[in-house]
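>
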Amino acid sequence: MTRRLAPALLLFLLAVPAAAQYTAPGEGLIEPLNRKQALEDAWANARFRLGAVRIQPSISLQDVAWVDATDSNDPTIDSDLTATLGAGLSAYLRLGDGFLAFQALPQYSWWQDLEDRRRLIGTYGIGYFGFFSRGEAELTAQRIDELAIPNLQVLDRVPVV
499 MTRRLAPALL
509 LFLLAVPAAA
519 QYTAPGEGLI
529 EPLNRKQALE
539 DAWANARFRL
549 GAVRIQPSIS
559 LQDVAWVDAT
569 DSNDPTIDSD
579 LTATLGAGLS
589 AYLRLGDGFL
599 AFQALPQYSW
609 WQDLEDRRRL
619 IGTYGIGYFG
629 FFSRGEAELT
639 AQRIDELAIP
649 NLQVLDRVPV
659 V
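In terms of the working numbering, the sequence shown opens at residue 499 and continues consecutively.
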């Protein structure tokens, strides 16, 4: 009995490290967020310093695309050129063992011909992040307006609030 059990136990023990290294598809590429380190890096690398306040401006041009509606079943949808333009800032204030962070990143979704689809979107927020010897505290308020594709039948971007 033990002669049969010993090889099985040995194979099991050899397989455990290999099983521990297995990463399921889609997992393992995202490291856990270290918010304290991210805030310290953002505070230290901010472009402008106004006393204790650090400010990081942001300018973006994204989602430049030609939306071709020739494949759509709806004849009222026209093809058009679109882009999203953004300009804003993030500000950080160090308060003892924590940070007060502010973010205003408005974006404008522009369409060349379809004026009814043009709109202001963006990310706005404020938060306190406290890091203490035995715990952390986080108090945030945030509003995120973004564009998304509601379904795959009509590949069109609409605002999501």
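Every residue, glycine too, gets a C-beta built ideally from N, C-alpha and C.
1) Could you give the first and the last residue of the continuous beta strand (DSSP E) run that contains Gln535?
2) Please report the distance separating the alpha-carbon of Thr580 from that of Asp614.
3) For Gln535, collect the residues of the same chain with a Cβ closer than 8 angstroms to its Cβ; drop the 5 residues on either side in sequence, then sort them by chain order.
4) Just to confirm before moving on: does the CB-CB distance between Ile553 and Leu598 stay below 7 angstroms?
5) Please decide whether Trp541 counts as near chain D, where near means a Cβ-Cβ distance under 7 angstroms.
6) If you check the beta carbons only, do Ile624 and Glu644 fall under 7 angstroms apart?
In this structure, then:
1) DSSP places Gln535 in no beta strand (DSSP E) but in the uninterrupted alpha helix (DSSP H) bounded by 533-542.
2) 12 angstroms
3) none
4) no
5) Any reference to chain D falls outside this structure, which holds one protein chain only.
6) no
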